[in-house]
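Right, one structure below, let's go through it.
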Amino acid sequence: MIDNREAEERVILVAVRKSDRENTEQSLDELCELASTAGAVTVARVIQNLDNFNPATYIGKGKIDEIKELIIEYDATGIICDDELSPAQMNNLSDALEIKVMDRTLLILDIFAGRANTNEGKIQVELAQLRYRSSRLSGLGNALSRLGGGIGTRGPGETKLEMDRRIIHERIGQLKHELEAVVTHRELTRSQRSRSNIPVVAIVGYTNAGKSTLLNTLTGAGILAENKLFATLDPTTRGLELESGQQILLTDTVGFISKLPHHLVEAFKSTLEEAVYADIILHVVDASNPAMDSQMYVVYDTLEKLGAGDKPIITAFNKIEIAGNKVLKDFKADKTVNISALHGDGLTELKDTIEEVLRESKIYIEKTYSYTEASKISLIRKYGQLISEEYVAEGIEVKAYVPTEIYDKVK
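Take the sequence shown: its letter number 322 is residue 321 in numbering that gives the first Met the number 0, and every next letter is one higher.
What follows is the structure, given as C-alpha cells:
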C-alpha cells in the first residue's frame with residue numbers, strides 16, 4: 000500500500016475477480032498507474048471474488064463495509080472501480096460510501112482530456128466524454144455532486160459540462176460535424192500519401208511501450224516521449240530514409256490499453272484507422288513488462304476490431320536492456336526484432352526488416368531499357384526501389400523492386 004497524505008486525491012482501488020484465470024492484481028497494477036497519471040495516490044486495494052458483478056452496487060455489502068473502514072483509516076477521498084459501472088451502480092455505491100466514486104472508463108477519459116493537444120484530439124475526447132455522460136443522465140443522482148472537481152471532471156470544452164440532455168445532445172451534434180471536417184482532411188492527406196506511393200508504417204502498441212521514443216530515435220521527430228500512460232494522443236507522421244534510399248512514412252498512434260472504453264474507440268476511430276491504411280504495422284512491445292503477453296493480446300484484438308488484422312506485422316520487442324533473459328516470441332508477427340528505442344540498439348536491423356517486408360510486396364525487375372524508355376525508369380525511381388542502373392551500348396541496365404500497381408507500366 001502507498002500512503003501520501005499530501006496528495007490532493009487519495010483513492011481506493013476496487014475490483015471484482017470473476018474467474019481464477021483473471022489476473023486481477025495485474026489489472027489493478029495498471030489501474031494504479033492510471034490513477035497516478037491522473038494525479039491521484041492509491042492508498043488501498045480491495046478485490047472481491049464474485050461469479051458476476053452485483054447489479055446494484057458492483058460489489059457485495061460485506062466489501063462495502065470493509066471499504067467504509069478503509070476510507071476512515073486512510074482518509075480516502077474516492078474509490079475507482081476497475082470496470083465500467085452502470086449509472087445505478089455508481090449512484091448506489093456513492094450513496095453507500097458517501098464518497099466520490101469513479102470507474103475505469105471515467106478515469107481514462109479524464110487522462111485523455113489532459114493529454115489532447117490538437118484540435119482533432121480535443122474534439123475526439125470531448126465527444127467521448129459527452130457520449131459517456133449522456134448515457135448516464137438518469138440514475139446518477141448524488142454521484143454527480145460528489146465528483147466535485149479534480150479527476151473525472153476535466154474536459155477540453157470551454158466551460159464545465161452541464162448535465163442537461165438537450166445541451167449535451169446539441170453539443171454532440173456540433174462535435175460530430177466538426178470531427179467530420181477533420182476526418183475529411185485526414186482522408187485527403189491519406190489520399191495524397193497514397194498517390195505519392197511512399198509506403199506508410201503505422202507504429203502501434205500498448206500504451207507506454209515506447210512508440211514515441213522509437214519514432215524520435217529513428218527520425219529525430221522531437222515529439223513528447225514520457226514514461227507515462229497515454230503521453231501521446233495525437234498521431235505524428237515523419238519521413239525516414241532506409242539504407243537503400245527507400246523513403247517511408249512512420250506514423251505514431253495512440254496507445255492501446257485493456258478495457259479501452261468503447262466511447263473512446265468510436266471517437267478516436269479516424270486516428271486509430273491510421274493502422275488500417277498502413278502498408279506495414281510496426282508493433283512495439285515493452286519486453287520488460289511482466290504483462291507483456293496480455294498486452295500483446297489486447298493490441299491484436301484491437302487491430303482485429305479495427306479491420307487491420309491482415310496487414311504485414313513487424314514486432315519490435317523494446318526495452319531489451321532491462322528485459323533480462325526472457326524468451327521473446329510473437330507467432331502472429333511476420334518478423335520480430337529485439338531493440339532498445341532509448342539506446343538505439345537493433346534499429347539498423349529493424350530498418351532492414353522493414354525494407355525486407357516492403358520488398359516482399361513488390362516485384363523484382365531486371366531489364367535493359369532503350370534510351371527512348373527513360374520515362375519508365377523515371378517511374379521506377381519515383382515509385383519503386385532502384386537497386387542499380389548501368390549505362391551500356393544497348394541502353395540502361397536496371398535492377399529494381401517495383402509496386403505491383405506500376406509493374407505493367409514499366410515491364
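Glycine is no exception: its CB is placed at the ideal position from the N, C-alpha and C atoms.
Model, not experiment: these values are computed from the prediction.
Asked, Found
"Backbone CA spacing between Ile362 and Thr252 [nearest angstrom]", "30 Å"
"Reference Leu49, options Lys60, Ile70 and Thr76, closest by Cα", "Lys60"
"Test: Thr76 CB closer than 8 Å to a CB of chain D", "Judged by its chain identifiers, the structure shown contains no chain D, having just a single protein chain."
"Glu157, buried or exposed, once every other Cβ within 10 Å from all chains shown has been counted against 16", "Confidence at Glu157 is low in this model, with a pLDDT of 39, below 50, so the placement of that residue should be treated as unreliable; the coordinate-derived value is given next. It counts as exposed."
"Helix, strand or coil at Pro86 according to DSSP, with G and I counted as helix", "helix"
"Closest by C-alpha distance to Thr235, when choosing among Glu242, Gly244 and Leu249", "Leu249"
"DSSP state of Tyr276 mapped onto helix, strand, coil", "coil"
"Expected contact under 8 Å - CB spacing of Thr301 and Phe255 to nearest Å", "5 Å"
"Check whether Leu106 and Gln128 have beta carbons under 8 Å apart", "no"
"Segment contact flag, the stretch 166 to 179 with the stretch 311 to 328, C-beta cutoff 8 Å, min 3 pairs", "no"
"Residue of Lys350, Ala95 and Ser369 minimising C-alpha distance to Val200", "Lys350"
"Pairwise C-alpha distance: Ile11 and Asp81", "11 Å"
"beta-carbon Ala43 near the ligand SAH non-hydrogen atom, thresh 7 Å", "No copy of the ligand SAH appears in this structure; indeed no ligand is present at all."
"Nearest neighbour of Glu83, chosen from Ile122, Tyr400, Met101 and Ala39 [CA to CA]", "Met101"
"CB of Thr41 within 8 Å of CB of Cys31, strictly", "yes"
"Three-way DSSP call (helix, strand, coil) for Asn215 in this model", "helix"
"Given Ala95 as reference, the closest of Arg16, Ile63, Asp278 and Phe111 once Cα atoms are compared", "Ile63"
"Buried versus exposed, by CB contacts within 10 Å (16 or more), Gln246", "exposed"
"Glu8 beta carbon less than 8 Å from that of Thr76", "yes"
"Alpha-carbon spacing of Glu404 relative to Lys375, whole angstroms", "14 Å"
"Beta-carbon gap between Leu214 and Ile202 smaller than 8 Å", "yes"
"Pairwise C-alpha distance: Leu346 and Tyr206", "One point to set straight first is that residue 206 is Thr, not Tyr, in the sequence displayed. About 21 Å."
"Range covered by the alpha helix (DSSP H) that runs through Arg135", "Counting along the chain, Arg135 falls outside any alpha helix (DSSP H), and DSSP gives it neither H nor E."
"His342, DSSP secondary structure in three states", "coil"
"Cβ-based burial, Val391 [other Cβ within 10 Å; buried from 16]", "exposed"
"Cβ-based burial, Gly238 [other Cβ within 10 Å; buried from 16]", "exposed"
"Beta-carbon proximity check, Ala340 vs Lys310, cutoff 8 Å", "no"
"Inter-residue Cα distance where the pair is Val397 and Lys366", "5 Å"
"Of the listed residues Gln47, Arg135, Ser93 and Pro198, nearest to Tyr382 (C-alpha basis)", "Pro198"
"Glu125, DSSP secondary structure in three states", "helix"
"Secondary structure of Ser377, DSSP reduced to three states", "helix"
"Check whether Ala315 and Val356 have beta carbons under 8 Å apart", "no"
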